[in-house]
Amino acid sequence: MNQLDAEYFDGQQARRHRVTVTVAAGRVQIRGDGASAEYAVAEATVRPRVGRTPQRIELPQDALLLVRDADAVEALFGAPREEALAHRLESNLPFAIAALVGVVLILWAGYRWGVPYAAREAAEHIPIKVEAQIADQVLKSAEGLFLEPTRLDAARRARLQAVFEHLREASGLPQTVRLEYRRAKGWIGANAFAIPGGVVVVTDQLVEGLGKEALISAVLAHELGHIARRHSMRMLLQDSITALVAMAVFGDATSVAGVAVTFPTTLVHSGYSRDFEREADDFAFDLLKNTGGSPSDFADAMQALTGLHLRPPGRADTADASVTPQDAGPEAQSGAPPRDPAGASNERSQESARGAGGDRLSSYLSTHPDTAERIAAARAAAGAR
Amino acid sequence: MPHTLAPSPQDETASPPASGDAGMPPFSSTGPVAGPAETHDFRFTGAGMEYFRIWIVNLLLSLVTLGIYSAWAKVRKKRYFYGNTWVADSNFEFHGRPLSILKGRIIAVLALGAYSAASYLSPKLGQVLFVLLVAVSPWFIARTFAFNAHYSSYRQLRFRNVATTREVYAAVWPFFIVAIAALVLSPELEPGQVALSTAEWIGLMLPSLLALFAYPYVFGAIKCVHVNRSFYGGAPFALDAGIGRFYALYVKAYIIGLIAIVCFGFFAMIVVMIPVIGFALMFGAYLVAGAAIFGYLRSRVGNLVFNATTLEGGVSFRSTLSATLLARLYFTNLLGIMLSLGLLIPWAAVRVARYRASQLALVSTGPLDAYLAARGREVAATGEELGDFFDVDLSL
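Chains C and A supply the protein sequences, listed in that same order. Take 1 as the starting number for the first sequence in the working numbering and just add one per residue. Take 1001 as the starting number for the second sequence in the working numbering and just add one per residue.
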């Protein structure tokens, strides 16, 4: 049979003609319902189908044949070339299931290795100097929000300065990387953080709370790890890639669910954040070993900080403690969170979340790995010496 | 999405239609004859499982090709939704070309990357760029209208939209006033300052209140520009809806929002006492409030716009969306999407499209056959993609 029923539109008027199409000798003849037209078969372009929608055959001058029987079209005109593969894949249930598995695997592998790898490679090609100018701006806005001038005496600062310089030199970081002392206001308490571009800020409360220089040095080594490993730049890149992927995966969701779907990106962000903490910990362990200290100092510092933060009056603000140091600052908007601390603020939220909803969830929602886990890692690193 | 397509179909070109088809009538010579009104129901024939297969293949190929296939994916998705939307026994079609969309996407990603990098390296520069971005957003909007219209057709006749950037500016200008007010009025707060003076309260609250006040105007005005500058072939659409009617809808939505905020405050107090229950209640309230507000607004605005829209030649529309049903649809969709980690998105999308189509009808007093084509210029996808990536939201 070289005939099929179709709807014909001439492209000039919205009129629908119900026609009979005859294909013979390289010509397409269209007849019926007030229409009469003829084209060469070569002039007819069969558009790929999508789902069960009618097959479209485009003709010169915007004319169109619409055919509901797709098999008949294939028999007369052959299969469409472009996008035909897409339609075949989409029509195939086993392939859809394989695709689902593939998507899950790719997302997982991308999350675990792909995105971190790409961000690390890219960050290596961006000189650290580029970030240097950010540091002062970020420090200034942090001062406005939760820092005030230090009250540590000069002798104390000089001793810490020497400790810091020793660590910095051993880690191979340039001299522009510096230490700043500030007194914390409000909830951040005993804390230390690294600002992209190379400023480590330590609070008076942390210095006073830890007391021993060996312990403070362990915390500083961790912060230097954030700077040396370019964590803020890498986080910016990883967050950007995550946002693009989330847009691809969840692009449809917002319009059909009313409210925005943003939870997954938060999860991914805190996952990466925990990876960076572990990386900074490992960096600190090595650095401590190379400078005559021991990872066990880090374990002791963590333990001491946990004690400091479990004590009142830190009770009322526990719920958000693990995110606030990053998210409260204007840095968060600029995409440059100061790399927060030796987990200082975090222990509290771990504890309270555990009381509230269970261990597993709290570990996934927190930006820092479990404190006990970090202490154990430090002890193990100390033992492996 | 097809629902924006039919009543607010459009096309491109900054020039009015007269330049292209000087003096050509929008109808065939027999003309639309006023006759008895005929009602044609819209209908969406897509199915969840079928769209799931398209969706998952789109996703897989987009990931494997590092995003390049996403342009083809977008075309297939839009063709699926347009092609399955029927009225008067004919369906719609999306004609967008993947390569043009890909080009637009590459430009959009580069621009977004430059913007993120600039904001990261210098928050000040980021703020300046943000202001610039807001200033050019009407251009994104006009280009998006033009693109979506030009690449949509019904019975092989294209839609067109000739809204100019200037016309969009005329609709969105109150937002610029709000932005300037926010810049000027924001008080310089001392770190850790808890007590605020009256002047500081006003400085903080006034811009937000202004924004809430301006929103219905901007939104209504944008809808009017969109529809009134749209054509089906050579025939113009017209929207006759006073801005006051948009205000009436938004005031009710604000009241729902206010109730939600009060509930939030109440649940926040419970958090202090019993954290688990408090957080669960707050989360539940967020979902319910979101579904309720969006369900209310999208249904009522949809009805308002469609019911007040006419197409020259005796065509009008009848939209009967129910706020309750749409809110329930959004709520169950949201729940399903969350519990399935996104897997149910295709089913959710099909449900919404099916419901929206089922509540829409076209009423014509003349023959639909009579509409005639008009020529429009091609539209680049760049503006539309930029708008997409910078999240210039047109959907509400």
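Beta carbons: idealized from backbone N, C-alpha and C, even for Gly.
Query: 7 Å Cβ cutoff, I195 of chain C in contact with chain A; Result: no
Query: Stretch pair the segment 92-108 of chain C + the segment 1048-1068 of chain A: three plus CB contacts closer than 8 Å; Result: yes
Query: Which residues DSSP lists as bridging P1236 of chain A, in chain order; Result: A:F1231
Query: C-beta neighbour in chain C for G1265 of chain A, strict 7 Å; Result: no
Query: Continuous beta strand (DSSP E) assignments of at least 3 residues falling wholly in the segment 111-184 of chain C; Result: 147-149, 178-184
Query: The segment 233-252 of chain C contacting the segment 204-212 of chain C, beta-carbon criterion three pairs below 8 Å; Result: no
Query: C-beta atoms of A1260 of chain A and A1289 of chain A nearer than 7 Å; Result: yes
Query: Within chain C, the residues that F1052 of chain A reaches when beta carbons sit closer than 8 Å; Result: A96
Query: Contact under 7 Å by Cβ, I1293 of chain A with I1256 of chain A; Result: yes
Query: Beta-carbon spacing of V1350 of chain A, G1048 of chain A below 7 Å; Result: yes
Query: Boundaries of the beta strand (DSSP E) in which E1312 of chain A is found, first to last residue; Result: It is not in any beta strand (DSSP E) - E1312 of chain A carries neither H nor E in the DSSP assignment.
Query: Test: S270 of chain C CB closer than 7 Å to a CB of chain A; Result: no
Query: Pair within 7 Å by beta-carbon distance, R183 of chain C and R151 of chain C; Result: yes
Query: Residue nearest to N191 of chain C in terms of C-alpha spacing, selected from C:S171, C:L215, C:L173, C:Q61; Result: C:L215
Query: Cα-Cα separation between A1291 of chain A and G1342 of chain A, rounded to whole angstroms; Result: 17 Å
Query: Coarse secondary structure for G32 of chain C, derived from DSSP in three states; Result: strand
Query: Q55 of chain C vs V67 of chain C beta-carbon contact at 7 Å; Result: yes
Query: Rounded separation between D1021 of chain A and T1165 of chain A - CA only; Result: Low local confidence applies: a pLDDT of 41 at D1021 of chain A is under 50, so the model's placement there is unreliable, with the coordinate-based value given in what follows. About 22 Å.
Query: Closest by C-alpha distance to V1363 of chain A, when choosing among A:Y1154, A:F1052, A:A1088, A:P1346; Result: A:A1088
Query: Contacts of F9 of chain C in chain A (Cβ-Cβ under 7 Å); Result: R1155, Q1156
Query: Supposed close pair E43 of chain C, I30 of chain C - CB separation, criterion 8 Å; Result: About 12 Å; that fails the 8 Å criterion.
Query: Other residues of its chain near Y8 of chain C: CB distance less than 6 Å, five sequence neighbours each side excluded; Result: H17, V19, I30, A35, L65
Query: Endpoints, beta strand (DSSP E) assigned at S1062 of chain A; Result: Per DSSP, S1062 of chain A belongs to no beta strand (DSSP E); it is in the alpha helix (DSSP H), 1048-1064.
Query: Spatial distance of E148 of chain C from K185 of chain C (CA atoms); Result: 7 Å
Query: Burial state of F1231 of chain A, where buried means 16 or more other Cβ atoms lie within 10 Å; Result: buried
Query: Cβ-based burial, H125 of chain C [other Cβ within 10 Å; buried from 16]; Result: exposed
Query: Alpha carbon of E1385 of chain A to alpha carbon of V73 of chain C, nearest angstrom; Result: 34 Å
Query: N191 of chain C: first and last residue of the uninterrupted alpha helix (DSSP H) it sits in; Result: It is not in any alpha helix (DSSP H) - N191 of chain C carries neither H nor E in the DSSP assignment.
Query: Paired residues, beta bridge with Y39 of chain C - DSSP; Result: C:V28
Query: Span separating the alpha-carbon of A1111 of chain A from that of I1068 of chain A; Result: 17 Å
Query: Backbone secondary structure at D370 of chain C - three-state DSSP; Result: coil
Query: Rounded separation between A280 of chain C and W108 of chain C - CA only; Result: 23 Å
Query: Partner residues on chain C for V1134 of chain A, Cβ-Cβ distance less than 9 Å; Result: Going along chain C, no residue has its Cβ under 9 Å from V1134 of chain A, so there is no contact; the nearest lies around 16 Å.
Query: Identity of the residue in A:Y1154, A:S1340, A:V1134, A:R1155 nearest V1168 of chain A by Cα; Result: A:V1134
Query: Contacts around G102 of chain C, its chain only, beta-carbon distance under 7 Å, and the 5 residues preceding and following it disregarded; Result: none
Query: Proximity winner among A:Q1156, A:A1073, A:V1128, A:F1130, relative to A1374 of chain A (alpha-carbon distances); Result: A:Q1156
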